[in-house]
Amino acid sequence: MSSKLIDGKKISAEIKNNLKISIDKIKNNFPRTPHLVVVLVGNNPASISYVKAKEKACQLVGIKCHVERLSEEVLESDIIRYIEKLNQDDQVDGMIVQLPLPQNLDEEKIIQTISSLKDVDGLNNENLGLLASGQPRFVPATPLGVQTMINQLDFVTEGSKIVIIGRSKLVGIPLALLLSSKTPKGNATVTICHSKSKDIGSHTLSADIIIVATGFPHTLKKDMVKKNSIVIDVGVNRIEDKSKKNGFRLIGDSDFDEIIDIVSKITPVPGGVGPMTIAMLLENVTKAFYINNAKKL
16 MSSKLIDGKK ISAEIKNNLK ISIDKIKNNF PRTPHLVVVL VGNNPASISY
66 VKAKEKACQL VGIKCHVERL SEEVLESDII RYIEKLNQDD QVDGMIVQLP
116 LPQNLDEEKI IQTISSLKDV DGLNNENLGL LASGQPRFVP ATPLGVQTMI
166 NQLDFVTEGS KIVIIGRSKL VGIPLALLLS SKTPKGNATV TICHSKSKDI
216 GSHTLSADII IVATGFPHTL KKDMVKKNSI VIDVGVNRIE DKSKKNGFRL
266 IGDSDFDEII DIVSKITPVP GGVGPMTIAM LLENVTKAFY INNAKKL
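Following the numbering used here from start to finish, the sequence shown increments by one per residue and tops out at 312.
Written out as structure tokens, the structure is:
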């Protein structure tokens with residue numbers, strides 16, 4: 016069973032080790048280290064957990080990380096004003112707004128306020144446009160992490176059939192652009208399925224790789240997967256489990272226990288895509304440092 020698992024923790028650890036070496040060199044030649052600001056609004060337990068993981072990872076590689084904690088009642092105008100201030104701060108290399116935001120806030124408006132040169136989540140329209148045009152600056156961390164995992168398998172994407180279930184701006188759309196791009200790591204034939212797609216199984220059954228990113232458990236079932244295919248499960252869902260100390264356990268969007276016997280490789284949840292997302296965010300922050308300080312280095 017373990018031979019079928021794609022170990023995101025192991026791959027991300029190697030990436031972080033390499034980043035630490037790069038950042039140590041920056042420290043020796045520059046008066047400051049790369050600097051990330053995370054805007055956290057409200058008390059969503061999952062968001063708080065994700066932000067803590069990002070803080071810990073930043074500390075590990077030597078990136079300065081400041082978390083700006085704002086109440087759920089914060090005014091949208093105050094968030095925008097704060098982001099605009101960070102846009103002008105040459106001591107800040109990258110920033111992210113932890114999603115989701117409370118429903119009373121315009122998520123899209125807030126994200127688009129972030130300078131495209133500091134948008135290390137890659138969600139700004141300019142950065143998505145650069146990705147679509149084949150000239151990526153910052154690629155959203157999860158798609159970049161998924162692509163890296165596929166490359167680690169020595170899987171040749173060129174000419175392969177990849178089905179992505181989910182069309183979010185955060186994962187599905189940018190991932191489709193990456194994997195179909197005219198690059199050695201792309202050139203795949205990519206199909207995007209979504210909530211309005213009919214008979215998704217008719218697409219997935221012919222796929223070499225299935226990437227599921229819907230945010231709903233049991234989206235990908237055993238009868239939707241062909242033998243020896245690869246499954247990348249992006250989903251993270253909390254389900255009640257009284258046997259656990261915290262009262263819940265994490266599962267993905269696929270029926271992992273049933274699918275693992277069929278596939279050649281699959282990502283576990285947790286321990287698969289999650290660690291890769293954080294590692295790619297750190298890469299983006301480091302890249303932002305070099306972009307924003309090119310004239311000083």
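Heads up, the beta-carbon is just placed ideally off N, CA and C, and yes, glycines get one too.
Taking residue i as the reference, give the member of the options with the closest Cα.
{"i": "S71", "options": "N308, N299 and A294", "result": "With the sequence shown as reference, residue 71 is identified as Lys, and Ser is not the correct amino acid for it. Closest option to K71, Cα to Cα, is A294."}
{"i": "R96", "options": "L120, E29, L192 and T128", "result": "T128"}
{"i": "N202", "options": "K211, V300 and K176", "result": "K176"}
{"i": "T204", "options": "D108, V82 and V171", "result": "V171"}
{"i": "I207", "options": "I226, D248 and T198", "result": "I226"}
{"i": "P283", "options": "V249, K259, I254 and A303", "result": "V249"}
{"i": "N119", "options": "I111, N142 and V89", "result": "V89"}
{"i": "F304", "options": "T48, D121, G267 and K25", "result": "T48"}
{"i": "I277", "options": "S195, K237, L192 and G262", "result": "K237"}
{"i": "T219", "options": "K302, K184, I274 and L146", "result": "I274"}
{"i": "D268", "options": "F231, P285 and Q74", "result": "F231"}
{"i": "T229", "options": "H209, K302, K260 and G286", "result": "H209"}
{"i": "I98", "options": "S130, L143 and Q74", "result": "S130"}
{"i": "K184", "options": "P115, V240 and I224", "result": "P115"}
{"i": "G241", "options": "S217, S258, G262 and N261", "result": "According to the sequence displayed, residue 241 carries Lys and not Gly. Per the Cα distances, S217."}
{"i": "S64", "options": "K311, G289 and K302", "result": "G289"}
{"i": "I215", "options": "M239, D223 and H233", "result": "M239"}
{"i": "L20", "options": "R182, S221, I165 and R152", "result": "I165"}
So what does DSSP say about residue i, is it helix, strand or coil?
{"i": "D272", "result": "helix"}
{"i": "H218", "result": "helix"}
{"i": "D134", "result": "strand"}
{"i": "V246", "result": "strand"}
{"i": "V288", "result": "helix"}
{"i": "G23", "result": "helix"}
{"i": "K237", "result": "helix"}
{"i": "L265", "result": "strand"}
{"i": "K280", "result": "strand"}
{"i": "I129", "result": "coil"}
{"i": "E173", "result": "coil"}
{"i": "V251", "result": "coil"}
{"i": "V300", "result": "helix"}
{"i": "T198", "result": "coil"}
{"i": "G181", "result": "coil"}
{"i": "G109", "result": "strand"}
Would you kindly work out how many angstroms separate the C-alpha atoms of residue i and residue j, rounded to a whole number?
{"i": "N243", "j": "I180", "result": "19 Å"}
{"i": "F271", "j": "M291", "result": "19 Å"}
{"i": "I245", "j": "I126", "result": "33 Å"}
{"i": "N58", "j": "V66", "result": "11 Å"}
{"i": "A309", "j": "S212", "result": "45 Å"}
{"i": "S173", "j": "P199", "result": "The identity of residue 173 in the sequence shown is Glu, whereas the question assumes Ser. Cα to Cα, the separation comes out at about 7 Å."}
{"i": "K280", "j": "V186", "result": "20 Å"}
{"i": "I69", "j": "K79", "result": "Before going further, note that residue 69 is Lys rather than Ile in the sequence given. Their Cα atoms are separated by approximately 11 Å."}
{"i": "V300", "j": "S18", "result": "32 Å"}
{"i": "I188", "j": "E123", "result": "16 Å"}
{"i": "M110", "j": "H50", "result": "9 Å"}
{"i": "N261", "j": "P46", "result": "43 Å"}
{"i": "V107", "j": "I94", "result": "16 Å"}
If contacts are defined as beta-carbon pairs under 8 Å, then residue i and residue j qualify, I think. What distance do you get, rounded to the angstrom?
{"i": "V56", "j": "P117", "result": "6 Å"}
{"i": "S62", "j": "Q113", "result": "5 Å"}
{"i": "D136", "j": "A156", "result": "7 Å"}
{"i": "L265", "j": "N252", "result": "7 Å"}
{"i": "V52", "j": "E83", "result": "6 Å"}
{"i": "K25", "j": "G77", "result": "So it is not a contact: roughly 21 Å between Cβ atoms."}
{"i": "P158", "j": "L101", "result": "The pair is not a contact, with the Cβ atoms about 24 Å apart (cut-off 8 Å)."}
Against chain C, does residue i count as a neighbour if the rule is that its beta carbon must be under 9 Å from one of theirs?
{"i": "E29", "result": "No chain C is present in this structure, which holds just one protein chain."}
- Task: Only counting runs of 4 or more residues, tell me where the alpha helix (DSSP H) segments fall wholly within the region 25–96, in order along the chain.
- Result: The region 25–96 contains, as complete alpha helix (DSSP H) runs of 4+ residues, the segments 60–76 (chain order).
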